[in-house]
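The following block contains the structure:
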């Protein structure tokens, strides 16, 4: 029998089992890695000493890179929770507790970041001072701290009290039981035991992504006036469904409630492009409601972030810990809107009321309402609530003791039972989730049960309905065509100098829907029509250049081919259901010419074609945003050995042709970029760039890029990799 058993779990994730050393290592821990292990049979239920528990890892090897392909590579919160409580490693006198703690292995920086992130995931804000800094008055801060301490069994513990750590560099280090590990390259690790050697590579190849553990199918989502689209009914352990979430459609615009793991796959399956997302309402910072937040950064505009100041502060601290960025950098990626707790906040006709709910971290349940022909219609989204028996068990008359006052417990129950047109409930049970029985007499028009991986019992089925993925409850039907309204907005943004009445020439065309995996335009073929993408996402594939990218809402498919009479340089293929405004090429060419747009569009086409070949610019950027970037490009020529002036920190530099050498030993060729360290992170070391041959570089002012979240996010990923190579 081999001493080391290596199992491929999923893309970028492996499992190392060294039975004789009693060592089981999860190598790589992106979001939902626990579910992937369950799917592979690595985590299974067993019985020991009459107690049911789970198998699984007892150590985690972290990626050197926090971000790969725009996704987070290290999210150890749920794997550690699985070890502590589902395996029993953290439960006294449990058959799964063998006297060792879960072990985090990796670079000192990544280990430290994970400890801080797990700490925030366990507790959120950890003191009354932090709560007051987030806007709570002294009384509320004291109340919240008492509740938090009760959930925490009386004390806030540092992560090091729960897990052990092991820093790994190029030197061989002992793990446990005679097993060793060392790093032999970026994200390359070598394990040894009893003379046997096994290597693990945690790098994602270009274009690779961490996959979803479950298939989602495809849906063509209608854009309604006020409706609830059901995008998740499971929990953080459900291997078949996304965690509890919903999407509110208001006046045709999508708003998310929470962002669990794989939210990007979920949006794609629902036919919603990331550029369509208007905003997100956030209940709390646990990973099953938080892990997909960075996927919303992959848009060409800042998504609106709606939460109470307390929830927002806990989320900022968790992201800050995870990524090693300043807390206020959160506003670089999201358009932050603080909501007033306990009041109806009017957000342009959609009203939202966040209500404080007892939980180990700062948590708000939400009520939403909109005015329809027969009055207000309401949707209540109650994620991560507490069961009434749990609340009763927390009640104490001692104002200084951990727990909750009787009046507060009664007010929470009344808030939970307030009737709504549609109400979605967390019925996951246990210490920190709800109980369906508490809502047996709830007067809401429709009750939906969620946040559990278990099948509903007959008693639960008497209380509430289910909501299969992609189904919708329409609260106020639409009598308007929102896709055509969106088409007008996109055309107005693109043709800013053209009068609105002239845009009607293009708007008076057919809106078509393409099925997923449909080829819309083939490489080498002339475009017969130009398509303005209104919803969904498309792959852009070029076998000639070897470049692939993705486009979303606001992109014009076939424009260059139509205007210049040339074959398309790429194939456009629908990833999801795609809605688009079909513009016949002859009409489009005539419109562009008659409105004096041809010369400017043609001038920008060369720059845009270059940008689309670069990884930094090849995802989710609408044509309007691409034009804005192209207009600000300035070309500069450099002779061999000429210094590139990066030190002023105002610009990003793109290599069109030639080569540039960095003093830290890196060379940049055509299509690559540099200077983000100075421009974005004010790093003194990001200097010393010299052309090694005759070169043409594009200089783009950072002010042009700073409000485009997907570009900032990619620059962050690139910079983290560059720092590790220094």
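Numbering (the numbering used here), first residue to last: 1 to 726.
Glycine included, every Cβ here is placed at the ideal spot set by N, Cα and C.
I'd like the list of long-range same chain contacts for residue 527, defined as Cβ closer than 7 Å, with 5 residues on each side in sequence excluded.
521, 558, 561, 562, 568 and 585
Provide the residue(s) that pair with residue 335 in DSSP beta bridges, ordered along the chain.
304
Let me know the alpha helix (DSSP H) ranges lying completely inside the stretch 57-111, each 4 residues or longer, listed in chain order.
77-81
Can you name the start and end residues of the alpha helix (DSSP H) that residue 495 belongs to?
Element bounds for residue 495: n/a, residue is neither H nor E.
State the beta-bridge partners of residue 228 as determined by DSSP.
The partner list for residue 228 (beta bridge, DSSP) reads 248 and 473.
C-alpha gap between residue 341 and residue 135, whole angstroms:
11 Å
Beta strand (DSSP E) segment containing residue 309, residue limits:
Element bounds for residue 309: not the beta strand (DSSP E) but the alpha helix (DSSP H), 309-323.
Nearest neighbour of residue 647, chosen from 396, 399 and 675 [CA to CA]:
675
On the three-pair Cβ rule with 8 Å, is the stretch 225-237 touching the stretch 453-470?
At 8 Å Cβ cutoff, the stretches touch.
Please name the residue, chosen from 249, 2, 499 and 112, that lies closest to residue 782 on a Cα-to-Cα basis.
Coverage of the chain is limited to positions 1 through 726, which leaves residue 782 absent and any answer about it impossible.
Under 6 Å Cβ to Cβ from residue 238, same chain only, skipping five residues before and after it: list those, please.
453
Selection from 257, 75, 523 and 263 that minimises the alpha carbon distance to residue 384
257
Residue burial classification, residue 92 (beta-carbon count within 10 angstroms, cutoff 16)
exposed
Assuming residue 447 and residue 417 make a contact with CB atoms under 8 Å, what is their CB distance in whole Å?
So it is not a contact: roughly 11 Å between Cβ atoms.
CA-CA distance, residue 325 and residue 615?
23 Å
Is there contact here, the stretch 206-217 with the stretch 50-57, by at least three beta-carbon pairs under 8 Å?
no
Going by the CB atoms, is the gap between residue 582 and residue 745 shorter than 8 Å?
Any answer about residue 745 is impossible in this case: the structure gives the chain only from 1 up to 726.
Assigned secondary structure, residue 219 (DSSP; H/G/I helix, E/B strand, else coil):
coil
Apart from the five residues just before and just after residue 440, which ones in its own chain have a Cβ nearer than 7 Å to its Cβ?
463
Secondary structure of residue 153, DSSP reduced to three states
Residue 153: coil per DSSP, three-state reduction.
Which word fits residue 531, buried or exposed, when buried means at least 16 other C-beta atoms lie within 10 angstroms of its C-beta?
buried
Excluding sequence positions up to five away, which residues of its chain have a Cβ less than 8 Å from the Cβ of residue 155?
Cβ-Cβ distances below 8 Å link residue 155 to 149 in the same chain, with the five nearest sequence neighbours on each side left out; the list follows chain order.
For the pair the stretch 119-133 and the stretch 326-341, tell me if three or more CB-CB distances fall below 8 Å.
no
For the alpha helix (DSSP H) containing residue 750, list its first residue and its last residue.
Because the chain is modelled from 1 through 726, residue 750 falls outside the range shown and cannot be assessed.
So, using beta-carbon positions, are residue 275 and residue 620 closer together than 8 Å?
Yes, the pair counts as a contact, with Cβ atoms nearer than the cut-off.
Using the three-state DSSP reduction, which class does residue 750 fall into: helix, strand or coil?
Outside the shown range of the chain (1 to 726) lies residue 750, about which nothing can therefore be said.
Relative to the C-alpha of residue 195, which candidate in 187, 179 and 188 has its C-alpha closest?
179
What span of residues does the beta strand (DSSP E) with residue 26 cover, start to end?
Note, residue 26: beta strand (DSSP E), 23-27.
Please report the straight-line C-alpha distance between residue 611 and residue 549, rounded to a whole angstrom.
So the alpha carbons of these two residues sit roughly 11 Å apart.
Three or more C-beta pairs under 8 Å: does that hold for the stretch 98-114 against the stretch 162-177?
The stretch 98-114 makes contact with the stretch 162-177; the number of CB pairs closer than 8 Å reaches 3 or more.
Would you be able to state if there are at least three C-beta pairs under 8 Å between the stretch 493-513 and the stretch 258-265?
no
Contacting residues, own chain, Cβ-Cβ under 8 Å from residue 285 (five flanking each side not counted)
120, 121, 124, 311, 314, 315, 318, 361 and 362
Determine whether the beta carbon atoms of residue 334 and residue 294 lie at a separation below 8 Å.
no
Contacts around residue 411, its chain only, beta-carbon distance under 8 Å, and the 5 residues preceding and following it disregarded:
Hits under 8 Å: none found.
Using the DSSP secondary-structure output, state which residues sit across from residue 280 in a beta bridge.
DSSP output for residue 280 lists 256 and 305 as bridge partner(s).
I think residue 75 touches residue 31, with their Cβ atoms under 8 Å apart; what is that distance to the nearest whole Å?
5 Å
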